[in-house]
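Notes follow the structure.
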Amino acid sequence: MPDTFPSNIYTSHIPGKGRGLFTSHAIEAGELVFLLDRPLLCVPSNRHLDETCYHCFLWLPQNTPKFEDDTRRLQGCMGCKVVKYCSKSCQSRSWAGYHKFECKILGRLYPQVPPSLVRMVMQLLLRKKADALSHSEWNDFLRTVDHVDRLKKDSTKGGLSHDRWHDVQLMSQAAHRYSGTHESLILVQSMMARSLVNSMTVTDGTGSTLGTCLSTSAALLNHSCNPSCVFIFSGASLSIRSLRPIPANAELTISYTDITKPTHRRQLDLRSMYYFNCTCEYCTNNLTCGLPDVPTALEKGLSSAKILDLEAEGERLQSLAGDATPANKIKLLDQAMELFVPYKDIYPVWRHPWPSIRDEVRLLHWNLDHWSVATVHALKAYFFIDPMLYSNAWHPVRIQRVFVMFKLIRELQYQIFVSPDDGGDRVEGDLKKYNIQWLSVNKGLEEEIEAAIPKGFGTESSFAEEYRRLPKSESPEKWGMRVDWVGERAKLERAAREIAN
Ligand SMILES: [Zn+2]
Ligand SMILES: [Zn+2]
Ligand SMILES: [Zn+2]
């Protein structure tokens, strides 16, 4: 299916913004606006090549939770040994569409694997050379912005930010050489710049990054910090869904950056990555997800310099933790969490960068099999952070996060069940005091996820499929208990408030 949109969607020029996408008829909240079966270019990241189907992006990670019992396997391509497939049909579609042009080259380079952007541009060059790219596909690609002048200008400033033009040059040389193309290096550089500036991150149903994609039609969507639409991947297929009612002839927008950061940080990200000044209503009014960047209590309690310091120090520790050994990671992330604790009455738990630090703490403890600690942090986000940042109860990001917590809680129960007396991690005892009926919790979360799927993801999405594939939790009635989600929810909320910082 070509990388294009349905007839009710049209492009139009917006003064000062370039082209944008508009809808000719009104759209309801939670509707599918358009779907691309497989955008022009989709490549798994190097880290995920081993665990992801190269064509449909089915991700089968090596360490799945123990209760999941997944029997699906990937088969490697015998030609290059670099890519893997979930099925014969994925393999043959991939071969016919693009892999036959690159397989030999990837095989020759193996065990070295070029970075995803290099593989992406190389594939495009090879498809063009083999006449396996239509004129409209190529022209649409060339109509995307490349920002080459800005990239070059930035690189002459030196020192300030990461030199992206230098990366573009290096990667272009690689794509040029490996592909054996007759196109000029200048053209390849502009292709690389377009791929860098217009590509989107492919994520799975739980929000984990799997790879990179470039869709020439989705690239026409402009940014807003209060976007009317959201993009979701189902494997390699990309859908654009509405987040609220959109009137006829209104522009469709998505967000290019992390909208949970305060205005000054979003503006910085957008300027340095995409070279524009956002003038959306949230930026104009200093709002983050509709909430004041600096709530009144915080404004009264701390100077703006102190707030900036806290943000910067939190981000610094977080990025240090990113490269640290597991033992140091815990120390650094704990330190980052501790920064905000003295101000917890005025610094909201939902305010950047506290939530993302908490997410990393949760993930780390989960990986270390500290299920109760991880659960308590997930609950804190579920009750006190996510509803603030994503007011829409069916917002796909919010539901992805409920799904992740649901899996975590199932794993916690599994561990309590298989080794009830090992004492667990340091908060397992605290959590026990709340006498939570986990089977009711499972049912309650299942209901929440099921209710949100039609609007947030669509019933045919791979998220819905992944959810349905998970073994359903046992019914409490089977054990003579009744489901009391409201009562259990109240206990969980109390636990989250009292145990987690
Ligand atoms: Zn597949
Ligand atoms: Zn191959
Ligand atoms: Zn904005």
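Our numbering puts the first residue of the sequence shown at 1, with every later residue one more than the last.
Cβ atoms here follow ideal geometry from the backbone N, Cα and C, with glycine treated the same way.
Among the options, nearest to residue i - alpha-carbon criterion
| i | options | result |
| --- | --- | --- |
| V373 | R72, N277, I409 | I409 |
| Y467 | S234, S255, H365 | S234 |
| D3 | A236, M337, D334 | A236 |
| N46 | L470, Y98, H223, L117 | L117 |
| T201 | T209, S195, R194 | T209 |
| R177 | G211, L125, W165 | L125 |
| Y98 | A130, P114, M78, C86 | A130 |
| C225 | S272, G207, N198, R265 | R265 |
| G205 | R469, I499, K491, G480 | R469 |
| H166 | L196, T216, Q75, F457 | L196 |
| E448 | N435, D430, W485 | W485 |
| C86 | L58, V168, V113 | L58 |
| N435 | E460, G487, K84 | G487 |
| G180 | T459, S134, D154, V121 | V121 |
| P295 | A321, L268, T263 | T263 |
| R497 | Q415, L310, N285, F384 | F384 |
| K380 | N501, F101, Y54 | N501 |
| P476 | L363, L35, R244, V441 | V441 |
| F406 | I105, T325, G444 | G444 |
| S94 | Q123, L109, G458, Q413 | Q123 |
| S172 | M192, R489, A250, K344 | M192 |
Nonlocal neighbours in the same chain, by C-beta distance under 6 Å from residue i, ignoring five residues either side
| i | result |
| --- | --- |
| I254 | L221, P227, C229, F231 |
| G79 | C103, G107 |
First and last residue of the uninterrupted beta strand (DSSP E) at residue i
| i | result |
| --- | --- |
| P44 | 41-44 |
| T156 | No beta strand (DSSP E) holds T156; the alpha helix (DSSP H) holding it covers 148-157. |
| F276 | Segment: none, F276 is in no beta strand (DSSP E) and carries neither H nor E. |
| L36 | 32-36 |
| L214 | 209-214 |
| T11 | 9-14 |
| G362 | At residue 362 the sequence reads Arg, which differs from the Gly that was named. Where R362 is concerned, there is no enclosing beta strand (DSSP E), although the alpha helix (DSSP H) it sits in stretches over 354-367. |
| E251 | 251-254 |
Spatial neighbours of residue i in its chain, beta-carbon cut-off 7 Å, leaving aside the 5 residues before and after
| i | result |
| --- | --- |
| T474 | The sequence shown places Glu at residue 474, not Thr. Taken in chain order, the residues that qualify are L439. |
| E313 | L339 |
| E281 | N226 |
| V361 | L333, M337, H377 |
| L298 | I307, I346, Y347 |
| D152 | Reading the sequence as shown, one finds Lys at residue 152 and not Asp. W165. |
| Y10 | F22, S24 |
| V341 | N501 |
| A174 | P114, V118 |
Cut-off 8 Å between Cβ atoms - residues of its own chain near residue i, not counting five sequence neighbours on either side
| i | result |
| --- | --- |
| L270 | H223, Y256, T257, F276, N277, C278 |
| Q400 | G205, T206, G207, F463 |
| W138 | K128 |
Limits of the unbroken alpha helix (DSSP H) element including residue i
| i | result |
| --- | --- |
| F463 | 462-469 |
| Y414 | 396-418 |
| S224 | Unbroken run through S224: none, as it is neither H nor E. |
| I499 | 485-499 |
| G429 | 428-432 |
| N328 | 326-340 |
| M122 | 116-129 |
| F141 | 135-143 |
| E299 | 296-301 |
| S92 | 88-94 |
| S304 | 304-322 |
| A29 | Segment: none, A29 is in no alpha helix (DSSP H) and carries neither H nor E. |
| K380 | 371-380 |
| F284 | The sequence shown places Thr at residue 284, rather than the Phe named in the question. Counting along the chain, the alpha helix (DSSP H) containing T284 begins and ends at 281-284. |
Three-way DSSP call (helix, strand, coil) for residue i in this model
| i | result |
| --- | --- |
| T263 | helix |
| H182 | coil |
| Q437 | coil |
| C56 | coil |
| V168 | helix |
| I346 | coil |
| S391 | coil |
| E102 | helix |
| G480 | coil |
| V230 | strand |
| V202 | strand |
| R241 | strand |
| R73 | coil |
| R351 | coil |
| F22 | strand |
| L49 | coil |
Closer than 8 Å to chain C by CB, residue i
| i | result |
| --- | --- |
| L238 | Annotation note: the requested chain C is absent from the structure, which comprises a single protein chain. |
Segment contact, 8 Å Cβ cut-off, at least three pairs: the segment 45-61 with the segment 10-29: In this structure the segment 45-61 does not touch the segment 10-29; the number of beta carbon pairs closer than 8 Å is below three.
Validate contact between the segment 381-395 and the segment 285-297 using beta carbons, cut 8 Å, 3 pairs: Yes: the two stretches touch, three or more of their Cβ pairs being nearer than 8 Å.
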